[in-house]
């Protein structure tokens, strides 16, 4: 068997081993899921508050910004449910930056302690992580703001191109915007997350500051490029059905009811925040613990 | 203390489950559902079983009963009329519409809309003279409504399709007189400008190209602050397409390019001049 094939087989076996370890760890100590449950609760609260924004007493706080940014019509039925995915995107962004910075890091801390067979309490893990909140907050801010602007670029570039052209490489605009852009966005999301994913353990476990942690994390990502991509991309595939539901939301709302936006967005919380994030965080932390001290 | 916390929790849960929907939000939801049912009828009026039409009407009637004296009640009453119209019950449709002709002194725009819809119901029934009678009523009784200013052009276009040249001429004159009358009452230059534009469109609908060009020239001259290049552009188009005078059209395009070089039309005029 050639050397490259052997390396590939070993790498895939290594990935499967990490998955097995991650699932075992989650099953043996489900407390690791608590931080993700907290973030999911924060996102659910944001979703609920925004979906009841036209109603008393929430309208006192939430109606004025909606009215001035998007228009008064979006405080009426069914338009509030048309706006909900957009406004929830910003609500989730705020929850992920403010709360997600802490919960992800707490999970990383728990995984590291449990892996070293040390006793750990959620409260003490949370307090240990809280000391690094500024660095974690900055990291989340840069990550989410970066993703926010980066994800828009392919669509904007293609829209600009199709203003003056009917086809690109013999294919119409519809193909590029409905098939190509989601695929590019998926790859971009995986890549960006890969660059940032090891910065959290560097901050929490190695006590590095924001920039040093980011650079060390990026270096580790590039050294373990293929493995990290697989560890991030495979769980993220679970989110594809939710993405499809979300992109077809106007059709679903017309076919069933405008309120269907709420369960669809909530399923994104369950699958995305609770399932995908927990799997990605635990698996990449295990790889970090294995590789971080290697020279 | 613990009891208070429980009370707050129960209150929060109650809010979460029941919410504090305002009656108007509930009404909007009911209206949306009624309109969805009605839309299914409008899409396929001949293929819809009568009981489904009645069910859609019942939804509107429910809104009328539950939320009288609201804008939704007006929309529901209109919806009932539309459903009768879709199922070919024209007299019943007009009866439903006429129920909305109340307090017209206070709500002229709404009454103009209802009268217009009654006219449309006659038009759908192929009773054009009756339709024109309703449209004339809109023009005379509600001259300041949005419907009233568009209607002369609508009627001219209809007579053009019927190839009734006499009626076309008569309505061009009526339309121009109507706009002149409104101009006399208008207090703002922007309203004057819009009415001049409508006068030009009225002449254009009646294929009185020289009159249309004269009005457009007046617009370009009298309203230099309100995009005069658009009036010149319309003139250039008329000279080229309908008056068979490409020379005059070229002059006008050159005028746009020279006098209004910063506008989008100037760039298009220059492009056209290279092709002419």
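Residue numbers (our numbering), protein chains in the order written: chain S, 1 to 295; chain D, 296 to 571. No residue lacks a Cβ here, since even glycine has one placed at the ideal position from N, Cα and C. The structure presented is a predicted model; accordingly, all values stated were derived computationally and were not measured.
Q) Is any beta-carbon of chain D found at less than 9 Å from that of residue 6(S)? A) The predicted position of residue 6(S) is uncertain, since its pLDDT is 49 and thus under 50; no value can be drawn from it.
Note to self: Residues in the same chain with beta-carbon distance under 6 Å from residue 368(D), minus the five sequence neighbours each way, listed in chain order, please.
What the structure shows: 359, 362
Note to self: Please state whether the Cβ-Cβ distance between residue 510(D) and residue 491(D) is less than 9 Å.
What the structure shows: The answer is yes: Cβ separation under 9 Å.
### Neighbour list for residue 77(S) in chain D, Cβ cutoff strictly below 7 Å
320, 323, 324, 327
- Query: Counting pairs of Cβ atoms below 8 Å between the region 277–292 of chain S and the region 99–108 of chain S, do you hit three or more?
  - Reply: yes
Problem set entry | Cα-Cα separation, residue 181(S) to residue 335(D) | 34 Å
- Message: If the criterion is Cβ atoms closer than 9 Å, does the pair residue 202(S) and residue 292(S) meet it?
- Response: yes
In the DSSP assignment, the alpha helix (DSSP H) including residue 528(D) goes from what residue to what residue?
523–536
**Prompt:** Applying a beta-carbon distance threshold of less than 8 Å, which residues of chain D neighbour residue 55(S)?
**Reply:** 314, 315, 316, 317, 320
Notebook entry, point to check: When the cut-off is 9 Å and only beta carbons count, does residue 258(S) lie next to chain D?
Noted result: yes
| How about residue 53(S) and residue 66(S): are their beta carbons less than 9 Å apart? | yes
Q.
Mapping the DSSP letters down to three states, classify residue 168(S) as helix, strand or coil.
A. Taken through DSSP and simplified to helix, strand or coil, residue 168(S) comes out as strand.
**Item:** residue 533(D) versus residue 500(D): straight-line alpha-carbon distance, rounded
**Value:** 12 Å
Whole-Å CB distance - residue 217(S) paired with residue 198(S), under 8 Å assumed:
3 Å
Checklist line | Contacts around residue 146(S), its chain only, beta-carbon distance under 8 Å, and the 5 residues preceding and following it disregarded | finding: 192
| message | According to DSSP, is residue 399(D) part of a helix, a strand, or is it coil? | response | coil
| If we ignore side chains and look at the alpha-carbon of each, how far apart do residue 381(D) and residue 340(D) end up? | 6 Å
At which residue ranges does the region 121–208 of chain S contain complete alpha helix (DSSP H) runs of 4 or more residues, listed in the order of the chain?
DSSP runs (the alpha helix (DSSP H)) wholly in the region 121–208 of chain S: 122–130, 133–164, 181–197, 199–204.
Scan the region 402–474 of chain D and note each continuous beta strand (DSSP E) run of 3 residues or more that stays entirely inside, going in chain order.
none
TODO: Would you mind reading off the limits of the alpha helix (DSSP H) that contains residue 496(D)?
DONE: 484–500
Margin query: The alpha helix (DSSP H) that contains residue 549(D), what's its start and end?
Written below: 541–554
How is the alpha helix (DSSP H) around residue 118(S) delimited, first residue to last? Run containing residue 118(S): none; DSSP gives neither H nor E here.
- Do the CB positions of residue 436(D) and residue 407(D) come within less than 9 Å of each other? yes
Alpha-carbon to alpha-carbon, residue 249(S) and residue 88(S): 14 Å
(message) With a threshold of 7 Å on Cβ separation, who are the neighbours of residue 285(S) within its own chain once the five nearest residues in sequence on each side are excluded?
(response) 108, 111, 112, 201
| task | Measure the C-alpha to C-alpha separation of residue 6(S) and residue 188(S) and round it to an integer number of angstroms. | result | Note that residue 6(S) scores a pLDDT of 49, beneath 50, so its modelled location is shaky; the value from the coordinates is reported in the next line. Distance between the alpha carbons of residue 6(S) and residue 188(S) is about 29 Å.
Buried or exposed by the 16-neighbour rule on C-beta atoms within 10 Å, applied to residue 325(D) = buried
| field | Rounded C-alpha distance that separates residue 430(D) from residue 448(D) | value | 11 Å
Legend entry - N- and C-terminal bounds of the alpha helix (DSSP H) containing residue 288(S): Under the DSSP assignment, residue 288(S) falls in the alpha helix (DSSP H) whose first and last residues are 277–291.
Next on the checklist: Is there a C-beta anywhere in chain D that falls below 9 Å from the one on residue 61(S)?
Outcome noted: no
| field | 8 Å Cβ shell around residue 76(S) - same chain, five flanking residues per side excluded | value | 54
Q. With a Cβ-Cβ cutoff of 9 Å, do residue 619(D) and residue 392(D) count as a contact?
A. Any property of residue 619(D) remains undetermined from this structure, which presents chain D solely from 296 to 571.
Exercise. Starting from the C-beta of residue 209(S), find all residues in its chain whose C-beta is less than 7 Å away, skip the five residues before and the five after it, and write them out in chain order.
Key: 135
Cβ-based burial, residue 157(S) [other Cβ within 10 Å; buried from 16]:
exposed
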